[in-house]
Amino acid sequence: MASGTGGRKARGGAKLSTGRVVFLVIAAAAPMAAMVGNVPLAIRYGDGAGLPAVYLIALAVLLCFSVGYAAMSRRVVNTGAFYTYIARALGKPAGVAAAYVAVVAYVALTIGMVGAFGYFSSLVLASSGVGLPWYLYSALALVLVAILGYRSVDLSAKVLGALIAAEFAVLVVFDALAVGHRGAASFPAASFSGAHVLSGSIGIALMFAFFSFIGFESAALYGEETSDPERSIPRATYIAVTSIGLFYVLTCWIVVGAAGPDQVVRLTREQGGEFVFVLLQQYGGGPLHDMAAVLMCTSLLAGLLALHNASSRYLFALGREGVLPRLLGRYHPRHFSPHVASAVVSILSVLATGVAASSGADPYAVWVPAFIGVGTLGIVALQAGASVAVVAFFWHRSDRDLWRCVIAPAIGAVGLTTAFVLALLNYPTLTDSTDPAVNASPAVLCAAALAGTVVALLMRRRRPATYAALAQSKVRSRRRSTTAETVAYTRRYCLVGAGPAGLVMARALIAEGVPFDWFERHSDVGGVWDMDNPGSPMYDSAHFISSKYTSGFIGFPMPGHYPDYPSWQQIRDYIRDFAGAFGLYEHVTLGVAVTRAQPLPGDRWEVCLSTGETRTYDGLIAAPGVTWHPHTPDLPGAGSYTGDLRHSATFRGGAELRGKRVLVVGAGNSGVDIAVNAAVQAEKAFLSLRRGYRFVPKHIYGLPTDAVLAGVLDPPRGVSLPDDPAQLVDSLVGDLTRLGLPAPDHELLTTHPIMNTQVLHHLAHGDLTAKPDVTRLTPTGAVFADGTEEQADVILLATGYRYLLPFLDPALLTWKDDHPQLYLNIFSRELDSLYVLGLVEFAGGAYARFDEMAQTVLIDIRARETGVHRAAFIALKKNDQPDLRGGVAYVDSPRHTSYVNMATYVSYLADLRDRFEWADLDERTYQPLRSHAARAGSPKAGAAS
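Okay, so the sequence shown: first residue is 57 according to this note's numbering, each after it adds one.
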């Protein structure tokens, strides 16, 4: 089942223990309802006294399923259970088909449980003289569940948890009393004889047995809430399914023995849903009977609530991903619950219950089995599909264990498929109907699977970006073993640049033990964030455009006292604190530039330094930065212009514009920042734009926009975010054409976001005037595309930058729009030992991405050293052509030549790390390096983070 609310991350709070996960899983299985509600139906329609053996078979099959399911949960971060796993291993069309089947199955089970609750409640209260019809109790349950489901899953979990201990206690007391009365007769050998096990319909018996276990697979959904999911989740799954299964086998066996194996079928037919209650009365007297009757109703209510929430969350997840109407993907602004999806499930349940009530059919004999039958068949089919997905996922993986990843899930798939086919063949026995329409109801599952497949294929063709985002999952990080083989690296590398990307790369090389020399032409680290660094485009009012919550180096967050969007001075100091904390200053040679690097035979490099020295290296790693080489367009009439014409990289502060008429050309983040300065300082300020842009506020509801949209921070209680971020931005910004700006000509995030609304403030107040594209310059100003002309003393060209590697011969690489064409924006396809870090752009904080890129470089460096995976990685660099844009149609401009979709890029790099057996990073990865730097007394090693 889907969990969470649209990918919102659970933050804070205590981590779940294995025992707590087991408790939650058993609560979802509702053992009282399984024994009192399912056992009579399974005996009546299934194989009679042989039911305990069927429960044992189901336990064995589900244990095999659990082995594979747990193995996959160790590797795949699970946010959608079957949907995610099947999509990951068998493809997105299969995943969407599975999700549609899951929706139908869970909704059918929910409706069946509504009928079961009404029926058993009427039985319980009839003994007290209350003779109301069953559907009134069902209506009461629908109201209660609708309220709880609408409010929040947390409240629902509390209601579930309060019931489980009492249910087990009552059934254990019954077991003990029955055994005390009947002794060995409580365990009839006939229950495991072939004559009884194979009598009647074993397929129907298996269906009810599997239904009794529904909910145990939810253990994987708690993986991200446990401190050690690789151990806790498999352990919790095994404990839950084994304890539930053995309890079912034992109690069912005692029930058959208490009734008598030769009489049990007749009694279930005569007594119907009262069968187990009669036994409780017989062996435990009135108090046990009454307690069980109440707990039966609450157990059914708990199961109904769990199934309602599962249905809601599947609808919610599919609505968020655009597979179903996006309205279903909305969450409540105060309760953070999927309230729209919950309301839809409630409405469907009300309609179905109304039809059942008006038909006059026996809910326990007809209505409940029919709906629960369809639902259980769907879940069994999904479990079989998930078992196949486990085998497919692990088939070519190096960490494949023959038993856990192949044999056990294969047995599970065969067993579940067999149960599905047998139940399907005997479905008319279950419905006790000759109506072809009734007996064909399982066909709705096939229709759902077909519809899901068609929807996915249409999305792939018509909405590629939405399709790319479907069922996104990532492989859980491998453990960084302390016993992993240490490589004695002999190859030495040259690292160029000590900006953020270079610092990250250096830290990774040091931690891995790779020898390298590192050169930075400036007198300190920090790259463009040091205004004193010659060529830096920094200016007085510059601030980070991503917030401190989504930025920062892994293992070294930005200081808590920093503002939401730190200034350039704070970023500079933060970068230098980072270098000091990890001892990086000890490894860098400052004030020395690499002036030329050329390849040598054998994948080696000759590197010339500004000192006149020449050195030879086994590999070259360039971290040059992206804003050092201004792109200056050739404007018509530029030669005749007599004013101050220059690139915005030379701008340092608003004071230089005071009292002048200023034209800023270009509306990137720097351009609009400088335009704001001009609006405040200049006599007259103009902003020229070639096309329409989207301006994104830095804050929404008082919180950093990027942190809210990424789920890092929750919006204020009472605030509901629209499903489409573009809708949110448009509603906050309004009609830009009112301000003289052209209407946006692209979807949100199909171009680099402009994180600035101060410019809109100044446009609205007349401090700044928007102008179209410049067609030509005059001696005193500019003429624009609309034919208007303005005088300008200063023209600042905020026209972007070229991606250059000035120490390399450009002919060594393939270029497009001044951007080198690199595999993953990291690896040269032409030169095997050339790596480039940082020449990539996306909408989001970059520093963590630099770390992920650095780890990918290390994978190749290790492969070069050891030969392990060497051929595979070379083949990827030469031939792999992944769509790193995630189906997004970015604006066709030089700026976006190397643009990638961040989620797609992160996921692809994670898959590569997993494929090549490389551990992921976490906040503790580099702690030993930091501790060593502190002990060694490195400069700034004690800086606070």
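Glycine included, C-beta positions come from ideal geometry on N, C-alpha and C.
- Secondary structure at Lys-934: helix, using DSSP grouped into helix, strand and coil.
- Contact between Phe-742 and Leu-719 is confirmed by a C-beta separation of about 5 Å, below the 8 Å threshold.
- For Gln-528, the secondary structure class from DSSP, reduced to helix, strand or coil, is coil.
- Boundaries of the beta strand (DSSP E) harbouring Gly-675: 675 to 678, taken from the DSSP string.
- For Ala-838 against Glu-846, the beta-carbon gap comes to about 6 Å, under 8 Å, which counts as contact.
- Only residues of its own chain outside the window of five on either side were considered, and among them Gln-847 have a CB closer than 6 Å to the CB of Thr-836, listed in chain order.
- Per DSSP, reduced to three states, the secondary structure at His-755 is strand.
- In the structure shown, the three-state DSSP call for Ala-838 is strand.
- Rounded to the nearest angstrom, the Cβ distance from Val-815 to Val-732 is 6 Å, consistent with a contact under 8 Å.
- Closest by C-alpha distance to Ile-113, out of Val-160, Val-180, Val-253, Ala-89, is Val-253.
- A straight-line Cα-Cα distance of about 51 Å links Cys-502 and Phe-612.
- Taken atom to atom, the span from the alpha-carbon of Ala-90 to that of Ala-499 is near 26 Å.
- The beta-carbon separation of Val-201 and Leu-361, rounded to 5 Å, stays under the 8 Å limit for a contact.
- Contact between Val-436 and Phe-476 holds, since their C-beta atoms are separated by about 5 Å, short of 8 Å.
- Taken in chain order, the complete alpha helix (DSSP H) segments of 4 residues or longer contained in the region 434 to 499 are 464 to 481, 483 to 487, 492 to 495.
- Membership of Gln-654 in the beta strand (DSSP E) is indicated by the continuous run 650 to 656.
- Under the three-state reduction of DSSP output, Leu-890 falls in the strand class.
- Three or more Cβ pairs drawn from the region 548 to 561 and the region 900 to 915 lie within less than 8 Å of each other, which places the two stretches in contact.
- Excluding the 5 residues flanking it on each side, Leu-656 has same chain C-beta neighbours closer than 6 Å at Glu-662, in chain order.
- Following the DSSP letters along the chain, one finds Ser-744 inside the beta strand (DSSP E) bounded by residues 740 to 744.
- Here Ser-592 is not near Tyr-903, since their CB atoms are 8 Å or more apart.
- Of the candidates Leu-940, Thr-953, Ile-915, Val-947, the residue whose Cα lies closest to the Cα of Asp-976 is Ile-915.
- Under DSSP, Tyr-879 forms a beta bridge with Phe-883.
- The shortest CA-to-CA distance from Ile-203 to any of Gln-528, Asn-365, Pro-290, Thr-409 is the one to Asn-365.
- Here DSSP, grouped into helix, strand and coil, assigns Pro-87 to helix.
- DSSP places Trp-661 inside the beta strand (DSSP E), whose first and last residues are 660 to 665.
- For the 8 Å CB-CB criterion, Leu-486 and Ile-260 form a contact.
- Cα atoms of Val-648 and Asp-580: separation of roughly 11 Å, rounded to the nearest angstrom.
- Apart from the 5 residues on each side of it in sequence, Arg-714 sits with its Cβ closer than 6 Å to the Cβ of Gln-737 in its chain, given in chain order.
- Between Gly-124 and Cys-461, the gap from beta carbon to beta carbon is short of 8 Å.
- In this structure, DSSP gives Phe-267 a helical state, which the three-state scheme calls helix.
- Distance check between Val-543 and each of Leu-380, Lys-754, Leu-565 places Leu-565 closest, using alpha-carbon atoms only.
- Looking at the backbone, the Cα of Asp-659 and that of Phe-972 are separated by about 22 Å.
- One Cα belongs to Leu-513, the other to Val-110, and the distance between them is close to 40 Å.
- Proximity to Leu-833 across Gln-439, Asp-849, Tyr-961 peaks at Asp-849, based on C-alpha coordinates.
- Annotation: the continuous beta strand (DSSP E) that includes Tyr-549 extends over 549 to 552.
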